[in-house]
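Undergrad: One gets our numbering by counting positions in the sequence shown from 1 and adding 875 to each.
All residues carry an ideal CB built from backbone N, CA and C; glycine is no exception.
I have a structure I would like to understand better, so I am pasting it below and will then ask my questions one at a time.
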Amino acid sequence: MELDLLIQKILIGNGYSPAMARYFAAVSRHETGNYDSEVLKRANNLFGMKHPTIRKTTSNGKDQSGYAVYSSTADSVRDLVFYLLAREYPFDVDSARDLVTLMKKKQYFEADFSEYLNGVQRALPKVAIL
């Protein structure tokens, strides 16, 4: 719940709509198995992001699997903002489906579209609303 609110606060503070912020909290829950993944625990990585080599980042480097390592979970969210800006994501979408469709188009994830969408949609009711 605390991480849901952190994600939403930072995204909304950077101009993203409350809905978009909530959808990304659901994405984070899906990516981390409801905030219980090893990459989150060892690297403060809320989104399963790899360390970038081209765009601006808050990542301190990468772990043995190539995942970005952050000083804090807040830095992980700030890095998501840098990613969204670099990849020219809109500041709002109409639905979680629209967001996941856009994420797939921009190659954010490699998983099957339906599987990823179902994971995000299952996580969405668990997201604490700011």
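Taking Cβ positions, are residue 957 and residue 928 nearer each other than 8 Å?
TA: no
Undergrad: Run the CB neighbour count on residue 947, radius 10 Å, all protein chains shown included, and call it buried at 16 or more, exposed below.
TA: exposed
Undergrad: Exposed or buried, residue 897, counting other C-beta atoms within 10 Å across all chains shown (16 or more means buried)?
TA: Burial check for residue 897: the Cβ neighbour count within 10 Å reaches 16 or more, so the residue is buried.
Undergrad: Could you check if residue 989 is buried or exposed, using at least 16 other CB atoms within 10 Å of its CB as the buried criterion?
TA: Within a 10 Å sphere around the beta-carbon of residue 989 sit fewer than 16 other beta-carbons, which makes this residue exposed.
Undergrad: Do residue 959 and residue 972 have their beta-carbon atoms positioned less than 8 Å apart in this structure?
TA: Result no, Cβ atoms of residue 972 and residue 959 do not sit closer than 8 Å.
Undergrad: Once you ignore the five residues that flank residue 890 on each side, which residues in its own chain have a CB closer than 8 Å to its CB?
TA: 966
Undergrad: Please report the residue range of the alpha helix (DSSP H) in which residue 885 lies.
TA: 877-888
Undergrad: Out of 903, 892, 979 and 968, state which residue places its alpha-carbon closest to the alpha-carbon of residue 879.
TA: Minimum Cα-Cα distance from residue 879 among the listed residues 903, 892, 979 and 968 corresponds to 903.
Undergrad: Alpha carbon to alpha carbon, what distance is there between residue 938 and residue 913?
TA: 12 Å
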